[in-house]
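Going down the list, the protein sequences come from chains A and B. First residue of the first sequence? That's 2 in our numbering, and the numbers climb one at a time after it. First residue of the second sequence? That's 102 in our numbering, and the numbers climb one at a time after it. We put the CB at the ideal spot given by N, CA and C, even for glycine.
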Amino acid sequence: MPAPKTANKSKPLKSSVKSNSKEVNSKGLPLPKNILLNMHDLMVKSRVLEERLIKIYRTGESYFWIGGPGEEAWGVPLGMLAYKGQGLEHDFFHLHYRCTPTLIALGMDMKDSIRLMMNRVTDPSTGGRNFSNHYCFPKWNVAPVTSPIEVQYGIALGTAHAQKRHGGKGISIVSGGDAGTAEGDFATCLVWSSRKGNELPLLITVQNNRWGISTSFDGQHGETNIADRARAFNIRARVINGNDPIESYLAIQEEMEYIRKTGKPSFIEAKVSRLYGHSSASGANFITSEVDSLKNFEALLMKNKLISESQIKEVWQKYEEEGVKATEEARKEATPTSESIWDHIYYGNENADWRKF
Amino acid sequence: MANMAQAIRLALHYGEKHLDVKDVFGQDVGAPLGGVFTATQGLSTSWNAPLDERGIINMAMGIAMAGDRCVAEIQFCDYIFNTIDLLKIAGNTLWCTNGQYNLPMVVMTPVGAGIRGSVYHSHSFDAWASRLQGWKVVMPSTPLDAYGLLLAAIKDPNPVLFLKPKALMREKGEELIPGEPADEKELKAMIDAPIGDRSKWKAKWPELSEYIVPIGKGKITRSGEQVTVVSYGRHLLLCNKVADELKQEGYSVEVIDLRSIYPYDWQMIKTSVAKTGKLLVVNEDTEVTNFGEHLVYRAVEELFYQLLARPRVIAGKNVPGIGLHPNLEDATVPQLFEIKQAIVEMIHEAP
Ligand SMILES: Cc1ncc(C[n+]2csc(CCOP(=O)(O)OP(=O)(O)O)c2C)c(N)n1
Chain A
2 MPAPKTANKS KPLKSSVKSN SKEVNSKGLP LPKNILLNMH DLMVKSRVLE ERLIKIYRTG
62 ESYFWIGGPG EEAWGVPLGM LAYKGQGLEH DFFHLHYRCT PTLIALGMDM KDSIRLMMNR
122 VTDPSTGGRN FSNHYCFPKW NVAPVTSPIE VQYGIALGTA HAQKRHGGKG ISIVSGGDAG
182 TAEGDFATCL VWSSRKGNEL PLLITVQNNR WGISTSFDGQ HGETNIADRA RAFNIRARVI
242 NGNDPIESYL AIQEEMEYIR KTGKPSFIEA KVSRLYGHSS ASGANFITSE VDSLKNFEAL
302 LMKNKLISES QIKEVWQKYE EEGVKATEEA RKEATPTSES IWDHIYYGNE NADWRKF
Chain B
102 MANMAQAIRL ALHYGEKHLD VKDVFGQDVG APLGGVFTAT QGLSTSWNAP LDERGIINMA
162 MGIAMAGDRC VAEIQFCDYI FNTIDLLKIA GNTLWCTNGQ YNLPMVVMTP VGAGIRGSVY
222 HSHSFDAWAS RLQGWKVVMP STPLDAYGLL LAAIKDPNPV LFLKPKALMR EKGEELIPGE
282 PADEKELKAM IDAPIGDRSK WKAKWPELSE YIVPIGKGKI TRSGEQVTVV SYGRHLLLCN
342 KVADELKQEG YSVEVIDLRS IYPYDWQMIK TSVAKTGKLL VVNEDTEVTN FGEHLVYRAV
402 EELFYQLLAR PRVIAGKNVP GIGLHPNLED ATVPQLFEIK QAIVEMIHEA P
């Protein structure tokens, strides 16, 4: 449970569009202009933030970077469509370390990600205790991102179970990479979420970037699609192009509606890019052979005259400036003290130091 | 008197009725069996989990994260080892989130030898558990303590591991659980599931009251002057027995039931050892990097100049398993005669 408890009475945010909405864009795109531009704005913000984090690493102001540039077309719509808030009525997020786009769409301040990157005591996720992109925001039901691959697929069962008992519209959402699906917790997720009569309201997603550090998809997988494994458990499943924000948006919207309506799980495998490699350990350089979803989306928006090149530049500029300012501010903020290692071992800071028993 | 399995059942019933426990789950925990040691029979919130220990711990963590209370069971601690990284995460979640997410969850699991359980139904877990930072770890030796510790565990806002000494599950206590009928046949008729068809059976629960054994507090079960013996679980009862036998022979042995392995009642140990000058720790987990070694280390650190004998640990032999034949099991886990011999030796040891 989130501790300390803070009451949150806000109503779930319902998504404002339907895939068959009459508000379709005049140019024939299946989403209204405001959603498309909002999506673009958030994608740019997320990309600029990730590139900023890499710069912070390069200047020696952080020890390690790992993140999600290249996954914006998947992660941004996911965050936009969720019922955002705290508690069982709202959606729970069980994410991995490539989910900055989702956090940005939920409303995370750039500075809060930078504080995490720079291990400031002001970092709201971990107080300077953990790596970049290891977010935790109880106010939005964002469960802590932890390093051990795939455990989130099991933990998500518990929040989904509590939501099912509660009986509202909140669902749990879990995400991770393709290589991690070899772990037992992935099978756990499929088994426990699909038990007959005990199905759980869970959106199970895999972001398939075809790599696990240096291990290629073919080097690990015998199955054609990871989604096929879900089908064996009678879980509704689909494979989408996660580099297309419109396709992602519509698919996520449809699956969320299905889960909220039926209380049953659903599975999306999104094929995405890994634009800067695995992490700073592999250099964090831009990989030109990967599809850049943001560049493609911008070309589409321009082609449909929804935005001009100069307007796009302005969006980038706005977030570049915000990122620089946030870095300068975070740099001046305090770091965790040595004595604080004993804080928060037990709830309410009950003593956990055996020397003081 | 209730046995320990019944006491655990009563505590879980109290938990679901008064302490908001919403799920009691694990392998074969729900109807019709109600647990391989019958400790979860008749409960209204119990259910059978898939045969997946990681899933059980995962599920418990998620339920706790969502703010609900649950008690999860790992059928035998011998099968908890593939969940160890999840136990680590459950223990570090509050710390890693800088105080944002606490996980109030109880995991109970039967431990130890003593039922001729062979290699994979005889493991101990107390030494391993003492290395799971962020957890509290308790282990009762009597039904009343089982009741009181389990209620304390359920109420605690942190993850708590409740180790059940499996050889004591049928042992009866000497004190009534508050609300327990004095006639044990009456209790049995009320809360033990019948043999055969149970589909229509429902437990008739006595009106129980709350009774808490605070986590972190030990209990002096035998007062004495010449040596301090610290133990918990099944071996605590052996230590009591040895103390009683030695009393007949004119020796004076103080026995402490630690009850909580972490956090542990150092003040109780320290006061006692300061008085006796001698410390023996007894448990059945394997002897190398045993939890008892930590207590001995601390006694040496803090009480060195008051010690009148080398402090010692009697623990399980450092071998890969506990063999089925009694010759093998008895040579592996501490026996009554060894404890007695060590105590007498220590009493006669002079600096
Ligand atoms: C249990 C575990 N094993 C190994 C690692 C080290 N590790 C970190 S990321 C990673 C690869 C993950 O690949 P994938 O699941 O495809 O996700 P991606 O990083 O490609 O998004 C590995 C092996 C880990 N963090 N956890």
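Residue 316 (chain B) is positioned such that its CB atom lies no closer than 8 Å to that of residue 228 (chain B). Annotation for residue 407 (chain B) indicates a beta carbon at 7 Å or more from all heavy atoms of ligand 1. For residue 179 (chain A), the distance from the CB to the nearest heavy atom of ligand 1 is below 7 Å. Taking C-beta atoms under 8 Å as the contact rule, residue 142 (chain B) and residue 293 (chain B) qualify, at a distance of about 7 Å.
Residue pairing for residue 148 (chain B): DSSP places it in a beta bridge opposite B:126. Closest in C-alpha terms to residue 132 (chain B), from the list B:408, B:121, B:116, B:150, comes B:150. Under DSSP, residue 211 (chain B) shares a beta bridge with B:265. With a cutoff of 8 Å on beta-carbon distance, residue 334 (chain A) and residue 121 (chain A) are scored as near each other. Chain A has a Cβ within less than 8 Å of the Cβ of residue 200 (chain B).
A contact is defined here as three or more CB-CB pairs under 8 Å, and the stretch 72-80 of chain A meets this definition with respect to the stretch 104-112 of chain A. With respect to chain A, the C-beta atom of residue 209 (chain B) has no partner C-beta closer than 8 Å. Exposure of residue 390 (chain B) is indicated by the presence of fewer than 16 other C-beta atoms within 10 angstroms of its C-beta. With contacts defined by Cβ atoms closer than 8 Å, residue 253 (chain A) and residue 269 (chain A) form a contacting pair. For a Cβ distance threshold of 9 Å, residue set 4, 345, 346, 347, 348 of chain A lies close to residue 195 (chain B), ordered along the chain. Residue 275 (chain A) places its beta carbon less than 8 Å from that of residue 291 (chain A).
Sorting A:265, A:131, A:88 by C-alpha distance to the C-alpha of residue 201 (chain A) places A:265 at the top. For residue 234 (chain B), at least one C-beta of chain A is nearer than 8 Å to its own C-beta. Of all residues in the stretch 155-170 of chain B, the ones placed with a Cβ closer than 7 Å to any Cβ belonging to chain A are 155, 156, 159, 160, 161, 162, 163, 164, 165, 166, 167, 168, 169, in chain order. Around the beta carbon of residue 398 (chain B), fewer than 16 other beta carbons lie within 10 angstroms, which makes this residue exposed. Using a C-beta cut-off of 8 Å, the stretch 300-320 of chain B makes contact with the stretch 366-373 of chain B, since at least three inter-stretch Cβ pairs fall below that distance. Taking 8 Å as the CB threshold, residue 365 (chain B) lines the interface with chain A. Counting only runs of 4 or more residues that sit fully inside the stretch 69-111 of chain A, the alpha helix (DSSP H) segments are 73-82, 101-107, in chain order. Not one heavy atom of ligand 1 falls within 7 Å of the beta-carbon of residue 149 (chain B). Closer than 8 Å to the CB of residue 65 (chain A) there is not a single CB belonging to chain B. Membership of residue 238 (chain B) in the beta strand (DSSP E) is indicated by the continuous run 237-239. Relative to ligand 1, residue 212 (chain A) has its C-beta within less than 7 Å of a heavy atom. Interface residue (Cβ-Cβ distance to chain B less than 8 Å): residue 175 (chain A) is not classified as such. Residue 305 (chain A) carries a coil assignment under DSSP once its states are collapsed to helix, strand and coil.
Below 8 Å, enough C-beta pairs join the stretch 211-224 of chain B and the stretch 428-435 of chain B to call them touching: three or more. For the stretch 105-129 of chain B, the set of positions with a beta-carbon nearer than 9 Å to some beta-carbon of chain A reads 123, 124 in chain order. Taking C-beta atoms as the reference points, residue 151 (chain A) and residue 94 (chain A) fail to come closer than 8 Å. Residue pairing by DSSP leaves residue 201 (chain B) without any beta bridge partner. Judged by DSSP in its simplified three-state form, residue 229 (chain A) adopts helix. Under the DSSP assignment, residue 240 (chain A) falls in the beta strand (DSSP E) whose first and last residues are 237-242. Per DSSP, reduced to three states, the secondary structure at residue 178 (chain A) is strand. For residue 180 (chain A), no Cβ of chain B is located within less than 8 Å of the residue's own Cβ.
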